[in-house]
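According to my numbering, the sequence shown holds residues 1 to 79 in order. Where is the CB? At the ideal position from N, CA and C, for every residue including glycine. The next block holds one structure in the form of structure tokens; read it before the comments.
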Amino acid sequence: PVWFKAGAQVFSEDGLNYLGQPSLIHAKSVLAIIICQVILMGSIEAYRAAGFGPAAEGTDLLYPGGDRFDPLGLADDPD
């Protein structure tokens, strides 16, 4: 399957097997995928927003910043 059709595999009869291994993570429910995604991403963002982690010192907690998040340098403009 091509990458842009990967999400449609969850609706197929076999479901979606992460890394091609049915024993690793086997997803057949869209609701279960959404719940897992919210829990995982929510916990990671809560960890970052609380000021923990390697990039926590002296940074804006709402915007991680850096070249990876602003490759064009648009955040340097005060307006």
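| Asked | Found |
| --- | --- |
| Taking the straight line between their C-alpha atoms, what separation do you get for I34 and P71? | 30 Å |
| Do you know offhand how far V80's Cα is from L19's? | In the structure as shown, the chain starts at 1 and stops at 79, and residue 80 therefore has no counterpart that could be examined. |
| F4 to F52, Cα distance in whole Å? | 35 Å |
| Would you list the one or two residues that DSSP bridges to A27? | L16 |
| Would you report the Cα separation of Y47 and A8, rounded to the nearest angstrom? | 31 Å |
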